[in-house]
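Presented below is the structure to which this report refers.
Number of protein chains: 6
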Amino acid sequence: MPLTAPMKPTQKSPAKLAPLLAFGAHPDDIEFGCGGVIARETQAGRKAHFVICSRGEAGTHGTPKQRTAEAKRAAALLGATAEFIELDGDVHLEFRVAHAIRLAGIVRRARPGIVLAPSVAENQHPDHAKLGRIVRDAARLARYGGLKDLRHLPPHAIEHLFFYAVTPEAEPRDISPVFIDVSAPDIVAAWTAAMAAHRSQTATRNYVDLQLTRARLLGARAGIGHAIALFPNDPLVLDSLAPLSRGARHF
Amino acid sequence: MPLTAPMKPTQKSPAKLAPLLAFGAHPDDIEFGCGGVIARETQAGRKAHFVICSRGEAGTHGTPKQRTAEAKRAAALLGATAEFIELDGDVHLEFRVAHAIRLAGIVRRARPGIVLAPSVAENQHPDHAKLGRIVRDAARLARYGGLKDLRHLPPHAIEHLFFYAVTPEAEPRDISPVFIDVSAPDIVAAWTAAMAAHRSQTATRNYVDLQLTRARLLGARAGIGHAIALFPNDPLVLDSLAPLSRGARHF
Amino acid sequence: MPLTAPMKPTQKSPAKLAPLLAFGAHPDDIEFGCGGVIARETQAGRKAHFVICSRGEAGTHGTPKQRTAEAKRAAALLGATAEFIELDGDVHLEFRVAHAIRLAGIVRRARPGIVLAPSVAENQHPDHAKLGRIVRDAARLARYGGLKDLRHLPPHAIEHLFFYAVTPEAEPRDISPVFIDVSAPDIVAAWTAAMAAHRSQTATRNYVDLQLTRARLLGARAGIGHAIALFPNDPLVLDSLAPLSRGARHF
Amino acid sequence: MPLTAPMKPTQKSPAKLAPLLAFGAHPDDIEFGCGGVIARETQAGRKAHFVICSRGEAGTHGTPKQRTAEAKRAAALLGATAEFIELDGDVHLEFRVAHAIRLAGIVRRARPGIVLAPSVAENQHPDHAKLGRIVRDAARLARYGGLKDLRHLPPHAIEHLFFYAVTPEAEPRDISPVFIDVSAPDIVAAWTAAMAAHRSQTATRNYVDLQLTRARLLGARAGIGHAIALFPNDPLVLDSLAPLSRGARHF
Amino acid sequence: MPLTAPMKPTQKSPAKLAPLLAFGAHPDDIEFGCGGVIARETQAGRKAHFVICSRGEAGTHGTPKQRTAEAKRAAALLGATAEFIELDGDVHLEFRVAHAIRLAGIVRRARPGIVLAPSVAENQHPDHAKLGRIVRDAARLARYGGLKDLRHLPPHAIEHLFFYAVTPEAEPRDISPVFIDVSAPDIVAAWTAAMAAHRSQTATRNYVDLQLTRARLLGARAGIGHAIALFPNDPLVLDSLAPLSRGARHF
Amino acid sequence: MPLTAPMKPTQKSPAKLAPLLAFGAHPDDIEFGCGGVIARETQAGRKAHFVICSRGEAGTHGTPKQRTAEAKRAAALLGATAEFIELDGDVHLEFRVAHAIRLAGIVRRARPGIVLAPSVAENQHPDHAKLGRIVRDAARLARYGGLKDLRHLPPHAIEHLFFYAVTPEAEPRDISPVFIDVSAPDIVAAWTAAMAAHRSQTATRNYVDLQLTRARLLGARAGIGHAIALFPNDPLVLDSLAPLSRGARHF
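Shown next, in the form of structure tokens:
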């Protein structure tokens, strides 16, 4: 399978899988932080949609136009759709209620089961931590029925909010991670292709290699090829122990 | 359904569910700490076996004979089997390698997928924390092929070790909990009956009520009736996000 | 004693007890988070005053007018007075210095010994965490003599700031709690009545039961009926160990 | 008042204050770690007794005989009595159940309200952390009615276990401290005298100055002269907020 | 050497030491929080520059004019230069991107190797924590080549960001400290003189003594006279273990 | 340079570098956990000695004889010497004072500046955590002048104890790491060769790749090729900030 072919998801019981909504502060954050998880979910028939909150206009490399195109292509390679919104602009994001309400409106419109956001660890690109906090509040506000700003959209309660970590520094220290197995060759290929689609970013620094190395190291702990860590904002609730048939205890 | 009728598990795909092995320091620890989870698993067709490491001979109430009988009855009510082993005796448990090797032998014999043990938080009954640490080591030693003490038993790698907390003080503060839904009326009934089977312990202090109150409070957070928190020793590894369709974010 | 009769405090050495000032983001936060503590303090002769920073106008149920009336009635049932202030409005609260200065002015006016505020844990209603941080700063600014914005009011140094947790998620993980015994029947009754006074909120969801369950679980740990946990912002300073005659070590 | 005059406690309501029992691994640990608290309590009419678990026979300076004499004199200066027990010997202490049972017997005999023990932080003199853990278990075993080893002594439930930190490294990081005000001149004098009584230890290294400096720094935070930090093993339970009239929020 | 003589640094290989840039929220923060470190660095030939973000106009004592003069004199005593900038004013500082960009511009202009900022612990003067967070972001933005607001200044990547703690409460609990030895008599003298230069602040409260006491206590742990703790924002990277020839393990 | 040629250290000021003493529970722990650091230190002229506390006789692969030979060869490749001691045997190590005293004797004999030990994180091979705790105590006992068991050897105070983590799970969460740059090609080569020398262990599982991947990931954070994280047991004490010319803040 060529690296650049978009995912062709096997439509396994799509009716059962509520949509996934992923937020990114910059055009490549979702792909680098958890692209393999997206590929895995869309392959399983889950719909995935990206909300990208800047066009990377303060980045060292790439024009906003280039970056928008790269992000759209990357999303397609992962089987996802993407939209761009303007909050305060790249590097200029503020933690404000108005943003949380706006994102809550998007949550109400998209009605996802699972929401992904950058982690709230503060020692990283400031837009990441702030967006993570904004999304956490937005996911809550989305279900508040009395919020007048959003009265035109019916309330929606998501199932889960997971944080992804764009870099190792962003991994939260106070949440136990969940590892998602992304070892299947087509998943790794789709993820790699989606990262590589951000050509303006990968020309000078080997970000792709960094992420694959991280995933391989987590995979080694789980006795598999590659894994991506997600950090649940709230305790997982399970009907039984049946789905927990694997643990990262290889060493 | 009368409270005292043993669980009649619906044999749903028992072939797929690896056995569960639960360790308790005293005859009632497993039931009080996570009995509802046991009921839920055996109901789903998973085999469950208890290893009880003392006969509660230092307890304020109940003779060893009474307590052994109560534990056997409680296990049966949960659909589980039970065996008793003698380590150092009630209140006298030491953290020793010989115990870990002995329990590793039991793990090799039972070949469980999931192991349950009391948490390692130190501010609780000292036997609990020590047994938790011993089981953690035992679950590791069980897979070490070169361990001569156990050469008569083939190595076995478990999938997961989860800690349960007999009391609130025993809940680990550095592990994110997983909530298991035990709200189904027959599960609550079986759990309640199993706890009540320890008549020597429940006559004077309302331990049953304590546990149901804990479970109801966790359930409220998850928007369900009752839940029991387990604390995974290692990161969960999942094939996808599909099983994570619920989160404890009701408030 | 009927549930709806206001507290009649026994005026025990009121001169010695500095007033208590409690801040709430919404009309029912103080009652649900720590109403039993308020009842206990006013019963002992301490004056208590509530500052409520919105009228709950974004809530799913209840009009601002209804909620204001409910809050006033609830405060009266606890033996406290209440005032409403407008910051940014329900769900719209921002963390701003201007708010901290405004609340510092209220602290200077009320001159409390003890201040209560919602906890600063971020994974809860966003207004709660922000108000907690604003009050923490306000309690500090209240004693800064050179602050020109407040030069018309003499500086005031409070004795203690305690955080209360409206829901279990809001309990801070890095502060050891102090349990306040609220087991006395008249205290439980007054607290229950004050919560129930928020009829618009309690019609659909059993919040009252949640709080009583939490209190009963903490009480069980302390060997008493009901307890409420408060989280001191600063180390307690005591003249001796004499007042510490009880500990939550029942299990 | 000369530094070397024993405390003459003002017998203020001694009936109400349950005895205090302090454990030390070496002859000077209690005095250096929390001597000021002892002085404060005995001055208030509380009986205090020291159980010293070695004679410091592995210390660099001082013979066991000298050190025993110094400890007795120091205890007297603080208004306390002292006894010596032999566990495994200085530097040789092991964490064993037999020791916990033995100390539980002492707790049953002394029937204290408050127990003091060295903290369980591991990066300190190994005897300290181990004794702290042994005492924590002992305080629990003391109330277990069925423990045959101690059947000759009626069970006893203490009110509180507090840890003291002999050095800054031993301060637990996961427990919020309680500061005890030891600023009164006669308390500082008695504490200083008790530390100085350990002449064999203070000749070469200025341990006395270290402790007074620590106490002065904590005192500065509380706006008082000197304070000693204790670390409660369990949540404090209070009848009301009345005793909490002071907080360490001076900066 | 008189306390008030400015440092005369021994010009040891100044070419190799990249400049140090220290940020303070108020005219005396740097001196009280880490003045001894500044003295040590300038003595070794490193250039040091202070950026002071208010004139202390909300302080209880001292006029802005007095405080500016005191800060300049104190900086000179430490061998440093100082400049004043106006953000939102004393006590009024907000956490805003515009401030981070402005400070990033200063970082690009000064091109430091090491940056010092107040810690981000929230329970302290609110300006301190906010400035710490602003500087953390600024140090990152300084190296982002595409930031249009700063396109007139070439990007600059600092080597290290260290936090200092103006008071004990401000010491971060989740970062292991590094102790800098400031025991040399001329360093202690220069530091003391720089603190004493803030006469308007030291007249009423003994802040100088507080800081020297803190430094003496840390020094005691390291077996030296005085030490100041810094808290690295990122892991230290060393060519080898050679520079790590001393550890704080005296007790 | 062939992978299997022993290190030829450049004898840079060997007089100044106190010896390094590394403890391992099994024949390959030191090499896998921190072999690159050893290579870097011996290259700089520091003497390094390994104390290996079992012959790996419980390992799945390799005989004790083979493993002893492999370890000796690996040590030589890193420029270090090695000795074997017998404590309780592989997998059978107990945490006992007698072991700490014995290792303290070795510390007194070797008189190292720096000691390396496996981390004390409990969720790893049980021998590792126990040995880490034993070494921590041993490093302390080594300087206790009055310890009769060791009176034949003069006391010795080490400078630093660093923990290494054989696997990612073993990395302590409560200590900030220090990254040692091991990027130089000859260092990587020597480290790789030393790990590869453990042929009995590397035949079936790619442990070498795991460690190099870990080192590359840390290196990426520091902007270099490879780095190894060490975890200081005590605060670092530095004469100045001069040695801290690099930080892991590349992302």
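Chains as they are written, first to last, in our numbering: chain F, 1 to 251; chain W, 1 to 251; chain P, 1 to 251; chain U, 1 to 251; chain G, 1 to 251; chain L, 1 to 251. Where a beta carbon is used, it is the ideal one built from N, C-alpha and C, also for glycine.
Counted within 10 angstroms of its Cβ, other Cβ atoms place residue i as buried (16 or more) or exposed
| i | result |
| --- | --- |
| Gly145 of chain P | exposed |
| Thr192 of chain P | buried |
| Pro126 of chain F | buried |
| Met1 of chain G | Its pLDDT being 45, under 50, Met1 of chain G is placed unreliably in this model, and the value from its coordinates should be taken loosely. So Met1 of chain G ends up on the exposed side. |
| Arg214 of chain L | buried |
| Ala203 of chain F | exposed |
| Arg261 of chain F | Beyond the ends of chain F as shown, which are 1 and 251, falls residue 261 of chain F; an answer cannot be given. |
| Arg221 of chain F | buried |
| Arg136 of chain P | buried |
| Ala25 of chain P | buried |
Cβ-Cβ separation, residue j to residue i (assumed contact under 8 Å), whole Å
| i | j | result |
| --- | --- | --- |
| Leu142 of chain F | His156 of chain F | According to the sequence as given, residue 142 of chain F is Ala; it is not Leu. Indeed, because the Cβ distance is near 5 Å, the residues count as touching under 8 Å. |
| Asp90 of chain L | Gly59 of chain L | 7 Å |
| Arg40 of chain W | Ile175 of chain W | The Cβ separation is near 21 Å, so there is no contact. |
| Pro252 of chain P | Arg73 of chain P | There is simply no residue 252 of chain P to check, as chain P begins at 1 and stops at 251 in what is shown. |
| Ala82 of chain G | Asp28 of chain G | The pair is not a contact, with the Cβ atoms about 11 Å apart (cut-off 8 Å). |
| Leu87 of chain P | Cys53 of chain P | 5 Å |
| Pro235 of chain W | Val178 of chain F | 6 Å |
| Gly223 of chain F | His250 of chain F | 4 Å |
Contact check, residue i vs residue j, beta carbons under 8 Å
| i | j | result |
| --- | --- | --- |
| His36 of chain F | Val237 of chain W | In the sequence as displayed, the identity of residue 36 of chain F is Gly instead of His. Not closer than 8 Å, so no. |
| Asn233 of chain G | Leu147 of chain G | no |
| Val120 of chain W | Phe163 of chain W | yes |
| Arg102 of chain L | Leu153 of chain L | no |
| Phe50 of chain G | Ala22 of chain G | yes |
| Lys130 of chain F | Glu169 of chain F | no |
| Glu173 of chain G | Arg133 of chain U | For the sequence presented, residue 173 of chain G should be read as Arg rather than Glu. Contact: no. |
| Ile158 of chain P | Cys34 of chain P | no |
| Val166 of chain P | Ala139 of chain P | no |
| Phe243 of chain F | Pro112 of chain F | As written in the sequence, residue 243 of chain F is Pro, which differs from the Phe given in the question. No, these two residues do not count as a Cβ contact at 8 Å. |
Those residues which DSSP pairs with residue i across a bridge
| i | result |
| --- | --- |
| Phe251 of chain F | Looking at the DSSP assignment, Phe251 of chain F forms no beta bridge with any residue, so it has no partner. |
| Phe84 of chain G | G:Ile52 |
| Val237 of chain L | G:Phe179 |
| Ala227 of chain U | U:Asp181 |
| Gly24 of chain P | P:Ile52 |
Within chain B, the residues that residue i reaches when beta carbons sit closer than 7 Å
| i | result |
| --- | --- |
| Tyr144 of chain W | No chain B is part of this structure, whose protein chains are labelled F, W, P, U, G and L. |
query: Can you list, in chain order, the residues of the region 167-193 of chain U whose Cβ is nearer than 8 Å to any Cβ on chain G?
result: If the cut-off is 8 Å between Cβ atoms, the region 167-193 of chain U has Thr167, Pro168, Glu169, Arg173 near chain G.
task: Check distances from the C-beta atoms of the region 57-74 of chain G to those of chain P and list, in chain order, the residues that come in under 8 Å.
output: Glu57, Ala58, Gly59, Thr60, His61
field: Contact residues within the region 41-53 of chain F, judged by C-beta distance below 8 Å to chain W
entry: Glu41, Ala44, Arg46
field: Against chain U: residues of the region 205-219 of chain G by CB proximity under 7 Å
entry: Leu210, Thr213, Arg214, Arg216, Leu217
- prompt: Along the region 225-245 of chain G, what residues have a CB closer than 7 Å to any CB found in chain U?
  reply: none
message: Along the region 120-136 of chain L, where does the CB come closer than 8 Å to a CB of chain W? Name the residues.
response: Glu122, Asn123, His125, Pro126
- request: Could you list the residues in the region 100-118 of chain P with a C-beta less than 9 Å from some C-beta on chain G, going in chain order?
  value: Ala100, Ile101
Near-chain G residues of the region 14-35 of chain L (beta-carbon distance less than 9 Å), N- to C-terminal order: Considering only beta carbons, the part of the region 14-35 of chain L lying closer than 9 Å to chain G consists of Lys16, Leu17, Ala18, Leu20, in chain order.
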